[in-house]
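Reading through the structure tokens given below for one structure.
Protein chains in written order, with this note's numbering: chain A, -10 to 67; chain B, 3 to 251.
Structure follows, in structure tokens:
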């Protein structure tokens, strides 16, 4: 929160943020991404290459997030 | 000095709450020139404990603590909030299924999302800490349709800092030498700390993905990943005990 407010001057911080579709993470899912902060806002770091190992790890975590989302959707929470 | 920023903390009488409210009141959150108006929210059963916390805060005579209010109602607690730290959540009890945990927390975060939507200040920033943090954040966000969704975040900073600390420990460098760390995904054992973009002393840790030589880089990646796997990173986040020092094997 402190960095979100004050800015990171280009430094990377990991934040769980609603995906905008970056890196194939379904839009709206709250996922950890490397971000930078400036002017009271954050931005997902763009243009990062993801190799097969990274891709499979991220996909597995996204699958878990998707399952959690589906569960709470079924329960009428969202 | 500027106008006070209204900071709301939920679950404020719990262990994390007790740790952070003093930092907030002392200026560590928003800086040494920024007064704060602190609103603490608890469940009715914890209001007695919360009053004790409040007395301790007052005893500190923090110059930046312009106001302190205690609440058991989310609508009141989030009224005019500029910053909301949603720490409180329902912990998993013995034998509780994941769906039950999600459901129990859903009830908390639907209410809090609606309260934020109805009462928070226009510049509200929300950080959800209470687990399961990502999905609790999702719930709060979806129950606050008038608040831009980029105001809702969930905490990954613990994972980020831990990854840096473990990596620095393994490499025997100061933590300040590590940059461009990223932790992707869920705040759960499936989280992915990304070493491929990480830098040590400004230089790439593992080399570029297009020019990676074979076994040397692979073993470096493997040992770095092994270091992280053998660390507490893979364990479910534990909040109620101090982090013990552990050597990386």
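Glycine included, C-beta positions come from ideal geometry on N, C-alpha and C.
Give a yes or no on whether the minimum CB-CB distance between residue i and chain A is below 7 Å.
| i | result |
| --- | --- |
| residue 57 (chain B) | no |
| residue 158 (chain B) | yes |
| residue 113 (chain B) | no |
| residue 105 (chain B) | yes |
| residue 140 (chain B) | yes |
| residue 167 (chain B) | no |
| residue 64 (chain B) | no |
| residue 178 (chain B) | no |
| residue 194 (chain B) | yes |
| residue 14 (chain B) | no |
Ignore the nearest five residues each way along the sequence and tell me which others in residue i's own chain have a CB closer than 8 Å to its CB.
| i | result |
| --- | --- |
| residue 66 (chain B) | 27, 28, 29, 34, 36, 37 and 38 |
| residue 175 (chain B) | 202 and 203 |
Can you tell which of the options has its C-alpha closest to the C-alpha of residue i?
| i | options | result |
| --- | --- | --- |
| residue 185 (chain B) | A:59, A:34 and A:63 | A:34 |
| residue 64 (chain B) | B:161, B:114 and B:23 | B:23 |
| residue 165 (chain B) | A:64, A:23 and A:18 | A:23 |
| residue 94 (chain B) | B:82, B:107 and B:174 | B:107 |
| residue 20 (chain A) | B:135, B:78 and B:112 | B:135 |
| residue 43 (chain A) | B:208, B:205, B:198 and B:98 | B:198 |
| residue 6 (chain B) | B:155, B:179, B:208 and B:123 | B:123 |
| residue 38 (chain A) | A:-8, A:47 and A:-6 | A:47 |
| residue 201 (chain B) | B:179, B:16 and B:133 | B:179 |
| residue -4 (chain A) | B:12, B:16 and B:32 | B:32 |
| residue -7 (chain A) | B:163, B:8 and B:153 | B:153 |
| residue 141 (chain B) | B:171, B:91 and B:73 | B:91 |
| residue -9 (chain A) | B:188, B:157, B:172 and B:195 | B:157 |
| residue 116 (chain B) | B:144, B:167 and B:163 | B:144 |
Output the boundary residues of the beta strand (DSSP E) element that contains residue i.
| i | result |
| --- | --- |
| residue 129 (chain B) | 127 to 130 |
| residue 163 (chain B) | No beta strand (DSSP E) contains residue 163 (chain B), which is instead part of the alpha helix (DSSP H) from 159 to 173. |
| residue 3 (chain A) | 2 to 7 |
| residue 21 (chain A) | 19 to 27 |
| residue 76 (chain B) | That residue, residue 76 (chain B), is in no beta strand (DSSP E); its alpha helix (DSSP H) goes 76 to 79. |
| residue 112 (chain B) | Note, residue 112 (chain B): premise wrong, no beta strand (DSSP E); alpha helix (DSSP H) at 100 to 121. |
I want to see whether chain E comes within less than 7 Å of residue i, judged by CB atoms only; does it?
| i | result |
| --- | --- |
| residue 23 (chain A) | Chain labels in this structure do not include chain E; the protein chains are A and B. |
List the endpoints of the continuous alpha helix (DSSP H) containing residue i.
| i | result |
| --- | --- |
| residue -10 (chain A) | Taken as a continuous stretch (DSSP letters only), residue -10 (chain A) belongs to no alpha helix (DSSP H), as it is neither H nor E. |
| residue 189 (chain B) | Neither: residue 189 (chain B) is in no alpha helix (DSSP H) and is coded neither H nor E. |
| residue 200 (chain B) | From DSSP, residue 200 (chain B) is part of no alpha helix (DSSP H); its letter is neither H nor E. |
| residue 83 (chain A) | Only positions -10 to 67 of chain A appear in this structure, which leaves residue 83 (chain A) out of reach. |
| residue 69 (chain B) | It is not in any alpha helix (DSSP H) - residue 69 (chain B) instead sits in the beta strand (DSSP E) that spans 67 to 73. |
| residue 194 (chain B) | First-last for residue 194 (chain B): 194 to 196, but that is the beta strand (DSSP E), not the alpha helix (DSSP H). |
| residue 20 (chain B) | 17 to 28 |
| residue 53 (chain B) | 49 to 61 |
| residue 32 (chain A) | Taken as a continuous stretch (DSSP letters only), residue 32 (chain A) belongs to no alpha helix (DSSP H), being part of the beta strand (DSSP E) at 30 to 33. |
How big is the Cα-Cα spacing for residue i and residue j?
| i | j | result |
| --- | --- | --- |
| residue 114 (chain B) | residue 11 (chain A) | 28 Å |
| residue 80 (chain B) | residue 193 (chain B) | 30 Å |
| residue 66 (chain A) | residue 128 (chain B) | 18 Å |
| residue 25 (chain B) | residue 206 (chain B) | 34 Å |
| residue 4 (chain B) | residue 0 (chain A) | 27 Å |
| residue 9 (chain A) | residue 3 (chain A) | 16 Å |
| residue 18 (chain B) | residue 12 (chain B) | 10 Å |
Kindly say whether residue i, judged by its beta-carbon, lies nearer than 7 Å to any beta-carbon of chain B.
| i | result |
| --- | --- |
| residue 62 (chain A) | no |
| residue 10 (chain A) | no |
| residue 57 (chain A) | yes |
| residue 33 (chain A) | no |
| residue 16 (chain A) | no |
| residue 27 (chain A) | no |
| residue 47 (chain A) | yes |
| residue -2 (chain A) | no |
| residue 36 (chain A) | no |
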